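The next block holds one structure in the form of structure tokens; read it before the comments.
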């Protein structure tokens with residue numbers, strides 16, 4: 001049963017709520033749920049690992065429909081770093097993706113480095129950009145330096 005706008009906004013009360021739903025939709029290959037998380041704006045964009053920039057809701061829908069033809073995406077967000085200012089939130093995410101395996105074999109793991117950008121709208125926090133790049137096992141270890149004084 002589809003959610004009302006008020007129900008959907010309540011589910012998207014924070015960027016973290018929207019992000020949790022995004023990864024849940026990927027894990028269940030739920031295209032309708034996934035698309036309900038995007039802002040209704042012609043400039044929303046998505047970049048899949050190694051792919052081109054996809055702009056606009058129809059193109060994003062078509063891209064995720066093609067992904068879901070191969071089944072659900074077993075992806076787990078890890079090491080989320082958050083920048084939040086007013087009505088904008090940026091999440092840098094290390095994604096652990098369990099790849100499909102042959103019967104009886106352990107599923108190999110792939111790593112993806114993603115940036116998710118959210119805007120607060122009248123209907124709750126909505127996704128405006130998902131940009132994912134191929135990663136490696138070495139990306140599990142983050143390089144973090146003391147910034148000191150920036151200016």
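In full-length UniProt numbering, the protein residues as written are 1 to 151.
Beta carbons are placed, not taken as given, at the ideal position from N, Cα and C, and that holds for glycine.
Bear in mind that the values here come from a model prediction, so they are computed numbers and not experimental data.
Can you grab the Cα-Cα spacing for the pair residue 83 / residue 16, in whole Å? Approximately 12 Å, taken between the alpha carbons.
Just mark residue 48 as buried or exposed, buried being the case when its beta carbon has 16 or more other beta carbons within 10 Å. It is buried - the Cβ of residue 48 has at least 16 other Cβ atoms within 10 Å.
Using CA atoms only, rank isn't needed, just tell me which of 136, 50, 138 and 86 is closest to residue 125. Just measuring C-alpha positions, the residue of 136, 50, 138 and 86 sitting nearest residue 125 is 86.
Go to residue 31, then tell me how far its alpha helix (DSSP H) extends in each direction, as first and last residue. Its alpha helix (DSSP H) spans residues 31–36.
Return the Cβ separation of residue 121 and residue 20 in integer angstroms, given the expectation that the two are a contact with Cβ distance under 8 Å. Wrong, their Cβ atoms sit about 18 Å apart, outside the cutoff.
Quick check on DSSP: helix, strand or coil for residue 78? Note: residue 78 maps to strand in three-state DSSP.
Environment of residue 143 [buried if 16+ CB atoms lie within 10 Å]: At residue 143, the pLDDT of 47 sits below 50, so the modelled position is not reliable and the matter cannot be decided from this model.
Identify every residue that forms a DSSP beta bridge with residue 95. The partner list for residue 95 (beta bridge, DSSP) reads 77 and 112.
Close beta carbons around residue 34, own chain, < 8 Å, minus the five adjacent residues each side: Short of 8 Å from the beta carbon of residue 34, and not among the five residues preceding or following it, lie these beta carbons of its own chain, in chain order: 22, 25, 26 and 64.
From residue 109 to residue 98, what distance separates their C-alpha atoms? Using only the alpha carbons, I get a separation of about 5 Å.
Rounded C-alpha distance that separates residue 58 from residue 111: The straight-line gap from Cα to Cα measures roughly 27 Å.
Anyone know if the C-beta pair for residue 95 and residue 114 falls short of 9 Å? Inclusion of residue 95 and residue 114 in the CB contact set at 9 Å is warranted, their separation being smaller than that value.
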